[in-house]
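Numbering (this note's numbering), first residue to last: 180 to 514.
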């Protein structure tokens with residue numbers, strides 16, 4: 180890795196201002212923006228600022244182990260690169276470069292319905308597992324065919340976005356900046372967009388899934404099924420009852436409904452409700468914007484460096500709180 184990347188980017192926060200310099204203003208606003216007045220976007224970060232860790236001393240942490248087992252696969256750490264839409268807006272190679280960086284850093288990579296590259300190309304570049312995220316589309320059979328196709332191509336899990344029955348206009352900054360999706364941005368798996376059913380950036384007119392649709396999808400695949408966008412304990416419980424193997428506690432990066440709680444604030448009640456009844460609980464974390472900023476600034480090497488920085492900070496936090504293995508981390512680590 181070039182020395183200038185390591186010296187220029189010392190933490191995840193260093194990537195955003197650098198990306199802002201290199202991206203067209205309208206594209207930056209599209210990536211960075213949150214819904215409405217961005218109350219939830221600000222609280223997503225502020226919620227982490229409110230959390231304090233409990234330092235423990237004189238414990239043997241000489242052999243730190245960040246590895247986890249996720250859906251039967253051993254992974255070096257719990258960092259997953261979330262399926263940010265239209266990653267070619269940030270870099271000419273888009274998802275392909277991001278997948279390459281994920282593979283170098285040992286992170287699970289997710290290709291979504293809104294991807295601008297084929298999953299085959301991402302699988303060829305990544306040494307890590309690749310998952311597929313489904314945005315439900317108006318043709319139910321197309322959704323099933325797409326999931327079956329992803330499984331045949333080598334996707335290791337299927338995730339479904341469940342938190343967008345309708346999207347309000349994203350932050351006004353995007354529109355003030357004059358953002359318009361370039362015609363050159365192709366989406367091979369987004370049939371609704373490609374056939375004009377969905378006008379990007381406006382209210383979504385395509386059908387959205389119900390619990391019955393999730394049960395139907397569960398019957399079609401033996402791959403792990405993950406529901407992304409759960410914030411309520413009742414929904415978490417119903418997700419398990421419908422056959423989900425995992426849930427992602429998420430407010431969609433603050434991009435759908437403003438005034439939702441920060442995801443980290445919603446997590447405790449959900450974790451308590453599903454305790455012992457879901458395989459992975461909160462033993463993995465998805466990151467979104469930071470690695471896209473890194474992609475925009477330094478391509479695949481930037482993505483790998485972003486993941487490695489986060490892993491380094493995670494290892495430091497484990498050591499200073501007296502935890503040598505992830506299995507030793509529990510709520511007592513919070514002050």
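C-beta: ideal position from N, C-alpha, C; glycine also. These numbers were taken from a predicted model, which means no experiment stands behind them.
Checklist entry - Between the C-alpha atoms of residue 325 and residue 334, what's the straight-line distance to the nearest angstrom? => result 11 Å
Next on the checklist: I'd like to confirm the pairing. Which residues does DSSP put opposite residue 407 in its beta bridges?
Outcome noted: 340 and 427
Next on the checklist: What does DSSP give as the partner residue(s) for residue 291 in the beta ladder?
Outcome noted: 312
Item to check | Three-way DSSP call (helix, strand, coil) for residue 454 in this model | outcome: coil
Item to check | Residue range of the unbroken alpha helix (DSSP H) whose run includes residue 254 | outcome: Taken as a continuous stretch (DSSP letters only), residue 254 belongs to no alpha helix (DSSP H), being part of the beta strand (DSSP E) at 252-254.
Item to check | Cβ-based neighbour list, residue 459, same chain, cut-off 7 Å, excluding 5 preceding and 5 following | outcome: Any reading at residue 459 must be qualified, since the residue scores a pLDDT of 41, below 50, and its modelled position is unreliable; no value is offered.
Next on the checklist: Using only CA atoms, which one of 444, 439 and 489 lies nearest to residue 465?
Outcome noted: 489
Checklist entry - Does the Cβ of residue 359 have 16 or more other Cβ atoms within 10 Å, making it buried, or fewer, making it exposed? => result exposed
Item to check | Residue of 311, 253, 258 and 266 minimising C-alpha distance to residue 494 | outcome: 258
Next on the checklist: At the level of alpha carbons, what is the spacing between residue 316 and residue 434?
Outcome noted: 19 Å
Next on the checklist: Counting beta carbon pairs with one atom in the region 201-210 and one in the region 465-475, are three or more of them shorter than 8 Å?
Outcome noted: yes
Next on the checklist: Check whether the region 216-231 and the region 270-282 are in contact - that is, three or more C-beta pairs closer than 8 Å.
Outcome noted: no
Item to check | residue 370 versus 337, 418, 414 and 320, residue with shortest Cα-Cα distance | outcome: 320
Checklist entry - Do residue 337 and residue 402 have their C-beta atoms closer together than 8 Å? => result yes
Next on the checklist: Short of 7 Å in beta carbon distance, which residues of its chain neighbour residue 365, apart from the five on each side in sequence? Order them along the chain.
Outcome noted: 295
Next on the checklist: Distance check for residue 183 and residue 191, CA to CA, integer angstroms please.
Outcome noted: 15 Å
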